[in-house]
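Undergrad:
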Amino acid sequence: AAIIPATILLGRFFCGWMCAFGTLRDLFYLASSRIFKTKFRIGPNADEVLKKVKYLILAFLVIAGWTLGLGTFSAASPWNVFGLIATAGSSPHFGYVISSLTPGCVIFLFIVLGSFFVERFFCRYLCPLGAVFAIVS
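With the first letter of the sequence shown counted as 1, position 96 gets the number 96 in our numbering; the numbers rise by one all the way through.
This is the structure in structure tokens:
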């Protein structure tokens, strides 16, 4: 509840200053830019189309969450996978993550792969919270 008023006042500060998921993807992109020594680019037409995908994802999640319940897609959440792998103070539970959150693992790996090639791939094209913050700001 505090993030929405802060977004109204400060813009999309959450994405740049608080999203640990975004920090991880930035590290992957930094590593890949040093390995490949080039920046991959998405064409402007494809970029415009892909930027609309996050709004479709947001609409789908709102409608599905409203009609099916919020826990319906928890196994497909890349945030759950990231949270269980990056939990501070404990060793990652890779067996549980892979066996119980298989769809989320696949989505998480897709996001990581995209992050190697496109800066802020998830933030630009897939993040439903980014869509909310864009609408609010």
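Positions of the beta carbon are idealized from the N, C-alpha and C atoms, including for glycine.
Check this for me: beta carbons of R25 and I85, under 8 Å apart or not?
TA: Here residue 25 is taken as the residue at index 25 of the sequence shown, counted from 1. Here residue 85 is taken as the residue at index 85 of the sequence shown, counted from 1. The answer is no: Cβ separation not under 8 Å.
Undergrad: Mind checking T7: buried by the 16 CB within 10 Å criterion, or exposed?
TA: As a first step, residue 7 is located in the sequence shown; it is residue number 7 there, counting from the start. The residue is buried, with at least 16 neighbouring Cβ atoms inside 10 Å.
Undergrad: Taking P128 and I57 to be in contact with their CB atoms under 8 Å, please state how far apart those CB atoms are, rounded to whole angstroms.
TA: Sequence index remark: in the sequence shown, residue 128 carries index 128 (1-based). Sequence index remark: in the sequence shown, residue 57 carries index 57 (1-based). Confirmed, about 5 Å.
Undergrad: Verify whether the separation of the beta carbon atoms of V53 and Y125 is less than 8 Å.
TA: Along the sequence shown, one-based indexing puts residue 53 at 53. Along the sequence shown, one-based indexing puts residue 125 at 125. Yes, the Cβ-Cβ distance between V53 and Y125 is below 8 Å.
Undergrad: Helix, strand or coil: which one does DSSP assign to I42?
TA: Reading the sequence shown from its first residue, position 42 is the one you call residue 42. Of the three classes helix, strand and coil, the one that applies to I42 here is coil, per DSSP.
Undergrad: Would you call the CB atoms of G35 and A76 closer than 8 Å?
TA: Mapped onto the sequence shown, residue 35 falls at position 35. Mapped onto the sequence shown, residue 76 falls at position 76. According to the sequence shown, residue 35 is Ile rather than Gly. Not a contact, by the Cβ cut-off of 8 Å.
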